[in-house]
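Visitor: Residue numbers for the sequence shown, in numbering that gives the first Met the number 0: 0 to 400.
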Amino acid sequence: MSKHTGSSELVANSSNPPIKTNHIDSTHALALENANMYSLNLSQQELTLEKTEVSPSWMKQSVNLSYNPLISRTLEVKGSRVNGFDIDVPKVLVVDDNAASRMTAVALLAMEGYEVIEADSGSTAVELVNQQQLDLILLDVMMPGIDGFEVCQLLKQNEHTRLIPVIFITALNDKRSRIRGIEVGADDFITKPFDRVELAARVKSLMRQKRLNEDLDHAEQVLFSIAGAIESRDPNTGDHCERLVKLGEAFGEYLNFSHTQIRNLMWGGYLHDIGKIGIPDGVLLKRGKLTPQEWDIMRQHVLIGEKICLPLRSMRGVIPIIRHHHERWDGSGYPDGLIGDEIPYIAQVFQMIDIYDALTSERPYKRSFTKEEALSVMAKETESGWRNPKLLKQFVEFITS
Ligand SMILES: [Fe+2]
């Protein structure tokens, strides 16, 4: 962006500093001064802030005087919106137990116009991530207590934080850390001492990627909204979807499903009947028995649902549920008449909770069955060949446990 380039030029000209230092404390101002000098390619020996090296005397003094390492603080650099953000200023968390190194990163990012928060430990970082809406995390690898790898792993496993890009700060040529970083889901790496231009470019690129990912998430949200609207259109089901999501999560955990499988099962709770949007009211809302022709139309909902969700990559694990939730173990179901384990396992699991919830809920045409009655109906259906006997046994154990 041109504004950004213009600002970089300003910074490179040390006679024209772009940030009024009275907006930040003296410690950061010194770090910023250091960062400015670094961007002018002054001697690395003077400016390197590696943990193993002794910090310059000015840095030691300012750290001791004004920096409390136990407190994380927000550094807002108002009036320096050099990136030309058209929405809220993106927020970056810098996590490093080395105060000098952390402050340099903070100063560099502040110069780029980001709102910067800092943490001196992994545990503080985890706390802050849960409290703040962050757009990116710059994370040191080696820290006492929870190290950077653990922090990253925690964030990437959490549905609410997995989209926040994580850049690991590593030493040059630290191949092992990079491999470990990739394993725990790091999005990028940067080496110390920081190169301002490189840091700015990496941060900006990941921010852009995050926005794209969020847009995709928004597309998912649209699907969930459509599914909710369909459910409210069908007076027969009540809060069926919401209950399926909860039951799916619990049964998935009982079966030791992975995090992703459980998520798919839960999403299946919301989305399995999304294809009903394509079923005419005259069929979907008909009271009384459907004619064979109407049944043909109704069965289309699994194919329509699959078609709606297919373009979204994140929906791939849910599609087997959408397409196959009406298959039967003996091959008498639809749409493909799959037999036994030809039916995707996650669809078999979903069927158990779908049927159980339908049986134990009140519908216009039936009362709600007790737990025992519902399991007895499901046992009869299994005897007649509709369900996986082994899975039903596990489901009974889960429900009665
Ligand atoms: Fe269905």
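Beta carbons are placed, not taken as given, at the ideal position from N, Cα and C, and that holds for glycine.
Just checking Asp272 against ligand 1 - is the residue's beta carbon closer than 7 Å to any of the ligand's heavy atoms?
Guide: In this structure, Asp272 has its beta carbon less than 7 Å from a heavy atom of ligand 1.
Visitor: For the alpha helix (DSSP H) holding Glu252, just list the boundary residues, first then last.
Guide: His239 to Tyr253
Visitor: For Glu488, report the span of its beta strand (DSSP E) as first-last.
Guide: With the chain covering 0 to 400 only, the question about residue 488 has no answer from this structure.
Visitor: What's the gap between the Cα of Arg322 and the Cα of Gly304?
Guide: 7 Å
Visitor: Can you list, in chain order, the residues of its chain whose CB lies under 6 Å from that of Val183, leaving out five sequence neighbours each side?
Guide: Phe148, Cys151 and Gln152
Visitor: On a CA-only basis, which of Arg175, Arg101, Val115 and Lys209 is nearest Lys191? Give me that one, please.
Guide: Arg101
Visitor: For ligand 1, is there a heavy atom less than 7 Å away from the beta-carbon of His300?
Guide: Under cutoff, so the answer is yes.
Visitor: Going by other Cβ atoms of all chains shown within 10 Å of its Cβ, with 16 needed for buried, is Arg207 buried or exposed?
Guide: exposed
Visitor: When you compare each of Trp328, Leu138 and Phe368 to Asp119 by their alpha carbons, which one comes out closest?
Guide: Leu138
Visitor: Can you tell me whether Glu126 is buried or exposed? The criterion is at least 16 other CB atoms within 10 Å of its CB, across all chains shown.
Guide: exposed
Visitor: Could you pull out every residue in the same chain whose Cβ sits closer than 6 Å to the Cβ of Glu380, ignoring the five residues on either side in sequence?
Guide: Arg386
Visitor: Can you list, in chain order, the residues of its chain with a C-beta nearer than 8 Å to that of Thr359? Leave out the 5 residues immediately preceding and following it.
Guide: Ser367, Phe368, Thr369, Lys370 and Ala373
Visitor: Quick one: what does DSSP say Arg298 is sitting in, helix, strand or coil?
Guide: helix
Visitor: Suppose you measure from the CA of Leu215 to the CA of Ile273; what does that come to, to the nearest Å?
Guide: The alpha-carbon atoms of Leu215 and Ile273 are separated by roughly 18 Å.
Visitor: Would you say Ala378 and Leu391 are within 8 Å of each other, going by their C-beta atoms?
Guide: Closer than 8 Å, so yes.
Visitor: Just to check my reading of the structure: Val91 and Asp134 have Cβ atoms closer than 8 Å, yes? What is that Cβ distance to the nearest angstrom?
Guide: 7 Å
Visitor: Which residue's Cα is closest to the Cα of Val221: Ser204, Trp266 and Lys245?
Guide: Trp266
Visitor: Report the start-end ranges of each alpha helix (DSSP H) in the region 92-135 that is 4 residues or longer and not cut off at the edges.
Guide: 98-110 and 121-130
Visitor: From Asp95 to Val348, what distance separates their C-alpha atoms?
Guide: 44 Å
Visitor: Under 8 Å by Cβ, that's how I've got Leu270 and Ala218 pegged, so tell me the actual separation to the nearest angstrom.
Guide: About 13 Å; that fails the 8 Å criterion.
Visitor: Could you work out which residue in Leu254, Met110, Ser204 and Gln130 is closest to Arg195 when comparing CA atoms only?
Guide: Met110
Visitor: Tell me which same chain residues have a C-beta within less than 8 Å of the C-beta of Gly384, skipping the five on either side of it?
Guide: Arg327, Trp328, Asp329 and Ser331
Visitor: As a quick exercise: from Arg362, Leu284, Gly336 and Val317, pick the residue whose alpha carbon is nearest that of His325.
Guide: Gly336
Visitor: Excluding the five sequence neighbours on either side, which residues of its own chain have a C-beta within less than 6 Å of the C-beta of Met351, listed in chain order?
Guide: Phe394
Visitor: To the nearest angstrom, how far is the alpha carbon of Val128 from that of Thr160?
Guide: Approximately 8 Å, taken between the alpha carbons.
Visitor: Expressed to the nearest angstrom, what Euclidean distance is found between the alpha-carbon atoms of Ala228 and Asp186?
Guide: Using only the alpha carbons, I get a separation of about 36 Å.
Visitor: Check for me: the alpha helix (DSSP H) holding Asp353 runs from which residue to which?
Guide: Annotation: the continuous alpha helix (DSSP H) that includes Asp353 extends over Tyr344 to Thr359.
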